[in-house]
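Everything below concerns the one structure shown next.
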Amino acid sequence: MTDRCAAFRALHHAARPLLLPNAWDHASAAALAAEGHPAIGTTSLGVAAASGKPDGAAATRGENLVLARLVARLPVLLSVDVEAGFSDDPGAVAAYVAELAALGVVGVNVEDGRTDGTLAEPGVTVAKVAAIKAAVPELFVNARTDAWWLGVPDPLEQALRRTRAYRDAGADGIFVPGAPDVATIRLLVGEIAAPLNVLYTPGGPDLDELGRLGVARVSTGSLLFRVALAAVTGTVDAIRSGAALAVEPPSYAQVQRLTAAGGR
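Residue numbering for the sequence shown follows the numbering used here, beginning at 1310 and increasing consecutively.
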């Protein structure tokens, strides 16, 4: 376990940013692993939506455990999005993350956004980060602030104040989804003394540009799940209208092999 955590940590210090694609079930995780990605994350929206539950509402505690148990069979390093930890009790959050670590998970995202569209008090997230690091010190804790994501006043000031506190509490990386432009990303890299994780934005900076800015990790978030939904409806529309399919799907046998690669 320690070696796997160290390998995941090292991916944040490579010449090019770590591209961390986000899966929502065993099939998507297996497909990404088969493409050679050394590490994948989970998307809380994808996991929740696939289970018929709302995202960010602390509703997928069990689903995350089930998914982690399945993906642990694959030759890939796994980081799990645990939303805000499914509790405001730091001890309960740490115990839950320890369960994930026991299944082979090497990292987690823990966020400060709340279901009512506000940010939790910084001290709440600080306590959660510190508790996780005390329980599973080798695990990579990616502390996420939703200052821009939720559109709060003075997002830059909020993000800097919060991320410094999270780093001081032991966070190994900092995730700032929604950072609005290259200038802001450059500033965040310079101000945050930890590997910076940003969300890939179609039409925004590519991996090479983000690498030049000093970004350590680029996540796809819910993008792959949403693209998959668009492919489902687009394919049905193409069949209905007689148009050619936009993508070539994997064969039945290929999908079966992906499943088999996960073990029995």
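Glycine included, each C-beta is placed from N, C-alpha and C at the ideal position.
Just so it is clear, the structure is predicted and the values come from calculations on it, not from any experiment.
Taking the beta strand (DSSP E) that E1430 belongs to, which residues open and close that run? Careful: E1430 lies outside any beta strand (DSSP E) and carries neither H nor E.
Where are the alpha helix (DSSP H) runs, 4 residues long or more, that stay fully inside the segment 1470–1512, in chain order? Segments of the alpha helix (DSSP H) lying fully in the segment 1470–1512: 1491–1500.
Can you list, in chain order, the stretches of the alpha helix (DSSP H) that have 4 or more residues and sit fully within the segment 1501–1569? Complete alpha helix (DSSP H) runs here, min 4: 1516–1522, 1532–1550.
By Cβ distance, which residues of its chain are closer than 8 Å to A1440, with the 5 residues on each side in sequence left out? The residues are P1399, G1400, V1402, A1403.
Find out if the Cβ-Cβ distance for the pair A1367, F1317 is shorter than 7 Å. Taking 7 Å as the Cβ cut-off, A1367 and F1317 do not qualify as a contacting pair.
Taking the C-alpha atoms as reference points, what is the distance between P1486 and R1378? Spanning the two alpha carbons is a distance of roughly 27 Å.
Check whether the Cβ atoms of T1352 and F1534 lie closer than 7 Å to each other. Result yes, Cβ atoms of T1352 and F1534 sit closer than 7 Å.
With H, G and I counted as helix, E and B as strand and the rest as coil, what does DSSP make of F1574? Nothing can be reported for residue 1574, as the shown portion of the chain is limited to 1310 through 1573.
What is the DSSP secondary structure of D1397, counted as helix, strand or coil? Looking at D1397 - three-state DSSP - the assignment turns out to be coil, as it is neither helix nor strand.
How far does the alpha helix (DSSP H) with E1420 in it reach, from first residue to last? Looking at the DSSP string, E1420 is not in any alpha helix (DSSP H); the run it does join, the beta strand (DSSP E), is 1416–1420.
Sequence-distant residues of its chain with Cβ nearer than 8 Å to G1530 (five each side left out): In the same chain as G1530, and ignoring 5 residues on each side of it, the C-beta atoms closer than 8 Å to its own belong to N1331, T1352, L1354, P1486, L1508, Y1509, in chain order.
Please name the residue, chosen from R1566, Q1563, D1517, R1473, that lies closest to L1327 on a Cα-to-Cα basis. Of the candidates R1566, Q1563, D1517, R1473, the one whose C-alpha sits nearest the C-alpha of L1327 is D1517.
Taking 7 Å as the cut-off, decide whether the C-beta atoms of N1451 and G1482 are in contact. Less than 7 Å divides the Cβ of N1451 from the Cβ of G1482.
Does S1337 pass the burial test, meaning 16 or more other C-beta atoms within 10 Å, or should it be called exposed? A residue is called buried when at least 16 other Cβ atoms come within 10 angstroms of its Cβ; S1337 meets this threshold and is buried.
N-terminal and C-terminal residue of the alpha helix (DSSP H) that V1389 is part of: Careful: V1389 lies outside any alpha helix (DSSP H), inside the beta strand (DSSP E) at 1386–1390.
Where does Y1475 land, buried or exposed, given buried means 16+ other C-beta within 10 angstroms? Y1475 comes out buried.
Give the range of the alpha helix (DSSP H) segment to which L1412 is assigned. Bounds of any alpha helix (DSSP H) do not take in L1412, whose DSSP letter is neither H nor E.
Quick check on DSSP: helix, strand or coil for L1329? The three-state secondary structure of L1329, taken from DSSP, is strand.
Run of the beta strand (DSSP E) containing A1348, from where it starts to where it stops: Counting along the chain, A1348 sits inside the beta strand (DSSP E) bounded by residues 1348–1351.
When V1545, G1432, A1562, A1488 are compared against A1555, the one with the closest alpha-carbon: Across the set V1545, G1432, A1562, A1488, the C-alpha of V1545 shows the shortest separation from the C-alpha of A1555.
If you drop the 5 nearest sequence neighbours on each side, which residues of the same chain put their C-beta closer than 7 Å to that of S1360? T1369, E1372.
Return helix, strand or coil for R1370, following the three-state DSSP convention. Three-state DSSP puts R1370 in a helix.
Please list, in chain order, all residues of the same chain as H1322 whose beta carbon is under 8 Å from its beta carbon, the five residues on each side excluded. So the list reads P1504, A1525, once near-sequence residues are dropped.
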